[in-house]
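Shown next, in structure tokens, is the structure this report addresses.
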Amino acid sequence: MAFEAKNITKNQLVSEVQSLKNNGFRFVTMSCVDLGDSLDLLYHFELNMQLTHLRLTVPKGDTAPSISGVYFAALLIENETKDHFGVNFDGLVLDFGGHLYLEEEVQKFPFCKVSVSDTKSEGGAL
Amino acid sequence: MATIVPFGPQHPVLPEPLHLKLVLEDEIVKQALPTLGYVHRGLETLASIKDINQMVQVVERVCGICSCIHAHNYCMCIEGLMGIEVPQRADFLRVIWSEMHRMHSHLLWFGLLADAFGMESLFMHAWRIREKIMDVMEATAGNRVIISINKVGGVRRDLSQDQLKWILKVLGEVEEELDKIKPVLTNDYTVKKRTVGKGVLTYQQAYELGAAGPQLRGSGVVQDVRMTGYGAYKYIDFAPVTEPDGDSWARTMVRFRELYQSIDIVRQLIGKLPEGEIAVKVKGKPSGEIVCRSEQPRGELLYYVKATGENFLDRVRIRTPTFANVPPLLAMLPGCEMADVPVIALSIDPCISCTER
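Those protein sequence lines, which keep their order, are chains S and W. Using the working numbering, read the first sequence as starting at 1 and increasing by one per residue. Using the working numbering, read the second sequence as starting at 1001 and increasing by one per residue.
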């Protein structure tokens, strides 16, 4: 069950994903991990019950290429990642503009590291 | 002229708040666009304030209907990261309860589908059969739906010999009841009229659009995470149920046949259930990255977990099967009649609670 992901760059992403599709891989999903100044975008694919993973690291606030042109199924998770982490995807086939889940008044990206502070009582966290 | 008709989130046949904007020309759907966010809870972020044991209860609440399998998958992730070997008996018990969950989920869905096309007697029959499974879960785990039997390192409860005998007896009764309603499903004019040829998803579409579970297998794709042999599945004979036609009827038949399959799996597991401990003591904190998958009633469930040896996990990412089944739904609806949309939408067994987490 060891997790190994192939590191790729933004320029390689779409061609690498297209190559996986040509080889019969099914797109499973994508995961996003907050690393502080940057984000890890992990792409999960499957062929014959075996998973393959790609890892793309992008600075926060940067744009990543969308793979929804290759796999239409990626459109929801890319929109979700935009909602939660603020990643802009270039070429997203159906862009909800950061409001797949969230209302327009939401100003923060809720899945980037959160902190809870108590502003009413002395000491103690909420 | 095109007309846009809102479908859901409040709809007589939808138990889940799914909203679709349907672009119609006359009565024919030309395009369907989803709107989500009605029950989004952000459960994944709770990993930053709940410890690894508390997270078991959190993931069980992603979805009530398949809570047991969420907890099983999450525990597999943590156990994989910590190198914990779960006792064999615990593996068996986890899968027995998981298959019970699959049965009650499929029967719940089957009743809802029957209700959607106006066959209330079939709806009541399906839910009456489901009650037998719910009784087993209540008697063996103390609750009907969120049974909380999984914990990191094993399970919380054991099954006695008397309980195992009783489960086998109940399964026999469930099988008999299913045999009685099977002809309705396979021969009835109403069922076929509302499902055959409706919402067709081809093999190629299902694969390329990332469909999961009965929606994928209903299009003839042989894919079931239980084939990987996780948990106790490696100890039993198992072959995925598939149907070739890709329509609502094929997806219905996959789920109906999976009810018999689950009965068979539980019988096999009870027949081979080893003696021994049901849990091991867990020490330390997890570290590293892992991906684990399991097969929920609605399809493939994937967890990605990252831990750094701290009290709290760095990231828990949950990909639920309905999330994967929404893009295929958008491909199935164009070309169908407006009146068929509710049954087609239900044929994917949507769980928006899972989808939005």
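Even glycine gets a Cβ: it sits at the ideal position worked out from N, Cα and C. It should be emphasised that the depicted structure is a prediction, and the values quoted were computed from it without experimental measurement.
_Between M1227 (chain W) and chain S, is any beta-carbon pair separated by less than 8 Å?_
yes
_Status (buried if at least 16 other CB within 10 Å, exposed otherwise) for S15 (chain S)_ = exposed
*Return the residue from the list W:N1053, W:Q1215 and W:I1129 that minimises the CA-CA distance to G1154 (chain W).*
W:N1053
*Of all the options W:N1150, W:G1118, W:I1069 and W:I1078, which has the alpha carbon lying nearest to the alpha carbon of Y1304 (chain W)?*
W:I1078
*chain S beta carbons: is any one of them nearer than 8 Å to that of L1014 (chain W)?*
no
*For K1272 (chain W), collect the residues of the same chain with a Cβ closer than 7 Å to its Cβ; drop the 5 residues on either side in sequence, then sort them by chain order.*
Y1235
_Selection of the region 15-41 of chain S by Cβ proximity to chain W, strictly under 7 Å_ = R26, F27, V28, T29, S31 and V33
*Helix or strand or just coil, what does DSSP make of F3 (chain S)?*
coil
*Could you tell me which chain S residues have their CB closer than 9 Å to the CB of G1246 (chain W), listed as they occur along the chain?*
Result: empty, since nearest Cβ-Cβ is about 16 Å, beyond 9 Å.
_Taking the straight line between their C-alpha atoms, what separation do you get for D62 (chain S) and K10 (chain S)?_
11 Å
*With DSSP as the reference, label I8 (chain S) as helix, strand or coil.*
strand
*Give the interface partners of Y101 (chain S) over in chain W, defined as CB-CB distance under 7 Å, in chain order.*
L1036, G1037, H1040 and E1356
*Return the CA-CA distance between Q958 (chain W) and D1135 (chain W), expressed in angstroms with no decimal places.*
No information on residue 958 (chain W) is available, as it lies outside the stretch 1001 to 1357 that chain W covers here.
*M1119 (chain W): which of W:T1190, W:I1344, W:V1221 and W:A1232 sits nearest, CA to CA?*
W:T1190
*What residue does the alpha helix (DSSP H) around V1316 (chain W) start on, and which one ends it?*
First-last for V1316 (chain W): R1315 to R1319, but that is the beta strand (DSSP E), not the alpha helix (DSSP H).
_Bridge-paired residues (DSSP) for N23 (chain S)_ = Beta-bridge pairing links N23 (chain S) to no other residue.
*Does F89 (chain S) get closer than 8 Å to chain W when you measure Cβ to Cβ?*
no
*In the DSSP assignment, what residue or residues form a beta bridge with H44 (chain S)?*
S:T29 and S:H53
*Tell me the start and end of each unbroken beta strand (DSSP E) in the region 1206-1293 of chain W that is at least 3 residues and wholly inside, in chain order.*
none
_Just list the residues that DSSP pairs A1032 (chain W) with in beta bridges._
W:L1022
*Taking P1328 (chain W) and Q1161 (chain W) to be in contact with their CB atoms under 8 Å, please state how far apart those CB atoms are, rounded to whole angstroms.*
Actually they do not touch by this definition, with Cβ atoms about 45 Å apart.
*Would you say E1247 (chain W) and T1308 (chain W) are within 8 Å of each other, going by their C-beta atoms?*
Reading off the sequence, residue 1247 (chain W) comes out as Asp, not Glu. Contact flag unset, no.
*Kindly give me the distance between the Cβ atoms of V1170 (chain W) and K1132 (chain W), rounded to whole angstroms, as I take these residues to be in contact under 8 Å.*
5 Å
*State the start and end residues of the unbroken alpha helix (DSSP H) segment that holds L1302 (chain W).*
It is not in any alpha helix (DSSP H) - L1302 (chain W) instead sits in the beta strand (DSSP E) that spans G1299 to T1308.
*Please state if the CB of L1302 (chain W) and the CB of V1013 (chain W) are separated by a distance shorter than 8 Å.*
no
*Quick one: Cα of L1113 (chain W) to Cα of R1257 (chain W), how far?*
16 Å
*Nearest CA to the CA of F85 (chain S): which residue from S:L92, S:V17 and S:I77?*
S:I77
*Note down, in chain order, every chain S residue with its Cβ under 9 Å from the Cβ of G1008 (chain W).*
Ordered by position in chain S, no residue passes the 9 Å Cβ test against G1008 (chain W), which lies about 16 Å from the chain.
_Simplified DSSP state of G1080 (chain W), which is helix, strand or coil_ = helix
*Using alpha carbons as the reference points, say which of S:Y101, S:T81 and S:G69 lies closest to V93 (chain S).*
S:G69
*Is it the case that the Cβ atoms of G1335 (chain W) and V1005 (chain W) are separated by a distance below 8 Å?*
no
*If you draw a straight line from the C-alpha of L1178 (chain W) to the C-alpha of D1188 (chain W), how long is it?*
15 Å
*Out of W:W1166, W:E1208, W:R1226 and W:V1200, state which residue places its alpha-carbon closest to the alpha-carbon of F72 (chain S).*
W:E1208
*Can you find at least 3 beta carbon pairs, one from the region 1062-1079 of chain W and one from the region 1138-1156 of chain W, that sit closer than 8 Å?*
yes
*Which residues in the same chain as P1244 (chain W) place their Cβ atom closer than 6 Å to its Cβ, once the five residues preceding and following it in sequence are excluded?*
G1220
*Going along chain S in order, which residues have a C-beta closer than 7 Å to the C-beta of Y1304 (chain W)?*
S31 and L42
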